[in-house]
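Colleague:
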Amino acid sequence: MNKPALLVVDDDAQVLAAVRRDLRSRYRESYTVVSASSGEQALATIRELKARGDSLAIVISDQRMPDMQGTDVLAQAREVYPLARRVLLTAYSDIDAAIKAINVAHLDHYLSKPWDPPEECLYPVVDDLLDTWQAEYLPETKGLRLVGHQWSPRSHEIKGFLAGNLIPYRWLDVDRGADVQGLLDAAGVGATDLPVLFFEDGTVLRNPGQRDVAERLGRSLSASLTMYDLVIAGAGPSGLAAAVYGASEGLRTLLLDRHAPGGQAGSSARIENYLGFPTGVSGSELTRRAVSQAQRLGAELLVPLEVTGVSIDGGYKHLTLGDGREVVTRTLLAATGMEYREHSAPGVAELSGAGVYYGAATTEASAFVDRRVLVVGGGNSAGQAAMHLSRYAKDVQIIVRRDSLHDTMSQYLIEQIDKTPNIRVTGRTELERVEGDGHVERVVLTHVASSSELDNVDAVFIFIGTKPRSDWLPEGVLRDAKGFVITGRDLAADPRTAKVWKETREPMALETSVPGIFAAGDIRAGAMNRVASAVGEGSMVVRLAHEYLALT
Ligand SMILES: Cc1cc2nc3c(=O)[nH]c(=O)nc-3n(C[C@H](O)[C@H](O)[C@H](O)COP(=O)(O)OP(=O)(O)OC[C@H]3O[C@@H](n4cnc5c(N)ncnc54)[C@H](O)[C@@H]3O)c2cc1C
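Going left to right, the sequence shown walks through residues 1 to 552 as my numbering numbers them.
1) Following the continuous alpha helix (DSSP H) through Glu-40, name the residue where it begins and the one where it ends.
2) Which of the three DSSP states is assigned to Ala-123 in this structure?
3) With distances taken from CA atoms, which of Leu-221, Leu-23, Ala-235 is nearest Gly-324?
4) Given 8 angstroms as the limit, tell me if Glu-342 has its C-beta closer than that to any heavy atom belonging to ligand 1.
5) So does His-546 have its beta carbon nearer than 8 angstroms to some heavy atom of ligand 1?
6) Relative to ligand 1, is the shortest distance from any of its heavy atoms to the C-beta of Arg-391 smaller than 8 angstroms?
7) Alpha carbon to alpha carbon, how far is Ala-223 from Pro-507?
8) According to DSSP, is Met-540 helix, strand or coil?
9) Should Phe-518 be counted as a contact of ligand 1 given a C-beta to heavy atom distance under 8 angstroms?
10) Quick check: does the Cβ of Val-34 come within less than 8 angstroms of any heavy atom belonging to ligand 1?
11) Looking at the strands, I want to know which residues DSSP matches up with Pro-82.
12) For Met-338, does the three-state DSSP call read helix, strand or coil?
13) According to the neighbour-count rule (16 or more other Cβ atoms, all chains shown, within 10 Å of its Cβ), is Val-80 buried or exposed?
14) Given 8 angstroms as the limit, tell me if Ile-158 has its C-beta closer than that to any heavy atom belonging to ligand 1.
15) Let's test the definition: count the other Cβ atoms within 10 Å of the Cβ of Met-338 and tell me whether it reaches 16, buried, or not, exposed.
16) Less than 8 angstroms between the CB atoms is what I'm expecting for Arg-424 and Lys-394, so what's the real figure, rounded?
17) Determine the DSSP secondary structure at Arg-258, reduced to helix, strand or coil.
18) Closer than 6 angstroms by C-beta to Ala-163: which residues in its own chain qualify, once you throw out the five before and the five after it? Chain order, please.
19) Taking the straight line between their C-alpha atoms, what separation do you get for Arg-496 and Lys-502?
20) At a threshold of 8 angstroms, does Gly-315 count as lining ligand 1 (C-beta to nearest heavy atom)?
21) Can you tell me the Cα-Cα spacing of Ala-135 and Pro-168, whole angstroms?
22) Ends of the alpha helix (DSSP H) at Pro-237?
23) Please confirm whether any heavy atom of ligand 1 lies closer than 8 angstroms to the CB of Ala-335.
24) By the three-class DSSP mapping on this structure, what secondary structure does Leu-186 have?
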C-alpha cells in the first residue's frame, strides 16, 4: 500500500509550490504530498486516491479559487474521506469567513497566509492534526477486526468498549459482508462464538467480555500500589482533570473507570463550546489527549474496573473493586457522573442493544447508512447525536415532548439542525412502543391527541433524563432526593449533616459529608453539566485534597 497522502490545493502557483516544499521537507518519509491547482483538480485527485485504495490524511485548501471555494472542496473531501483532517488557507482578511465556515465544512483548522516560519506556524498544526488522524485511522488490511451480528447486544457492548477506549477496529457485520463467512470458516468460528475479535497476529477471541479484551490488549487491570494519596472513581472530564493535576502535583494518583475513559463527553461527536478548540473537538479526541496527558504525568489508569463499595477506617478509605480486590486511599474523588435513565416504553428493554441505544450515536451511526432512525430527547446531547447520525442515515427524526427544541437545546445546534435536510423535529410527541422481531423494525408514537405507527424504523437512540451514579458510595455520604451528592456549603443547610459530620472544621468546597471524600462534575448536586465545569471541579479537588492531607 502507498504512503498516506497530504493534499494541498491552491490556484496561486507560487503559494502552492511553497506549501508543497514545506510539507515535503518535513513529512516526505511517511507521507506523499500531492497538489492540485483548482477545486475540480483536487476532487479528481481525491477520487483517484480512493480508487487506488490510498489513504488521505489531510487536505489543505485555499479559500478563494475561481472555480470553487475552498470550503466546498473540503466539504466534498469529507464525503469521500471522512477521517481526513481539513484545513483552510486564508488571507488575513478572510478569517471571518473561515470562522463562519467552520460549521459548514467542518474545518479542523484554518491557517492564515503567510505561515513563516513553518517551524512555528505550519508544522505544529500539521503535527497535531496528523496525530489525531493517526489515532483514528486503521489501514484496510491491518488491525483488529470485530465480527458479529449488528442486532446483538453483545456486539454493541464490545463496539462501545473498543470505541470508548480509543482502540481502532474494523466492524464486520456477518449478515452484510460477503467475505465475512469465509473469514469465520477459515478460523473455525461457529455461530455461537459470536461476536469474535480477530487480532493482527491471527489469534481470535470468541465472545469475549470487556475484561478479556483489555487483558488481551495488554492493559494492566491491577493496581501497582496498595495505598494511594488520591483515588478517582470515574474517568470522565472531571476525573481526568483531577488525574492530570493530582499526578503533576506529586500525589500517588489512581484513576478507575468501569467502562472507558471520557465519560459522557467521550460519546459526543463534537463538543463545540470547550475553551481553546475554535473548530470544536470530538469527545474521543479530547479524551485521547487527556488520557495521554494524565499518564505522562504519572497517573495510573485502570479500565475497565468498577468501584463497587467503600468502607471507612479512620482517615483511610478502603475501596472494593469489581474484580473483588481492594485498594486503600487517603482521599477519594467520586467523579462517576450520570447515566441515561431507562425509557419505560414497552419493547425498549427487550430490544436494547438491538436497535435501541442509549447515547452511543458515535459508535453505531455507521451501521445505519441509508436507513431511518429516531432520536428521542431534546437536549444538546440529542442534537449532537442527530447531527452525527444525519451523516449516515437517510432520515433522522427527533421526537420531543415539548413544542420545539428552543427551551432545551443550544441555539447553535438548533441552527445546524434547521439547515440539515434529512433531520426532522416532531414536537409534542412521545415514544409509546418499540416493535420488531429480534431488532427494531417499527415504533408507535403518541402525539398530544393521537397515536401513529411508523414502519421501517431501524433504530431508536434515546437521550432522555439522566440519573447520578452514586449508589456505590457509603451511607455517610449525603445525597439529595434524586441521588446527587451534596457537597461543601450545601451540607450546612441539610439537617442530616449534624448526625454524620463530626469534625471541628466546616466541610471544604466539593467535600462530601465524609471527610476526605470529594465529589466533582455531574454527580454533584447543583452541577452545571458541562465539560468545562466538570474539568474545573476535578482540578479544584486536587488542591482541596492537599489541604485535607495536610490536616491528617
Ligand atoms: C452526547 C453528549 C454530548 C455532550 N456535549 C456537551 C458539550 O458539547 N459541551 C458541554 O459542555 N457538555 C456536554 N455534555 C455534558 C458533559 O459531557 C458532561 O457534563 C460531563 O461529561 C460530565 O463529566 P463527569 O466527569 O462529571 O462525568 P461523566 O462524563 O458522566 O463520567 C463519569 C465516568 O464514571 C464512570 N463510572 C461510573 N460509575 C463508576 C464506578 N462505580 N466505578 C468506576 N467508574 C465509574 C463512567 O463509566 C464514566 O466514564 C454532553 C453530554 C453528552 C451525553
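Note that the Cβ used here is the ideal one computed from N, Cα and C, for glycine as well.
Modeller: If we stick to the structure as given:
1) 39 to 52
2) Per the sequence shown, residue 123 should be read as Tyr rather than Ala. Correct three-state label for Tyr-123: helix.
3) Leu-221
4) no
5) no
6) no
7) 30 angstroms
8) helix
9) no
10) no
11) None; Pro-82 has no bridge partner.
12) strand
13) exposed
14) no
15) buried
16) With a Cβ gap of about 12 angstroms, Arg-424 and Lys-394 do not count as contacting.
17) coil
18) Thr-363
19) 12 angstroms
20) no
21) 8 angstroms
22) 237 to 248
23) yes
24) The amino acid occupying residue 186 in the given sequence is Ala; Leu does not appear at that position. In this structure, Ala-186 counts as helix in the three-state DSSP scheme.
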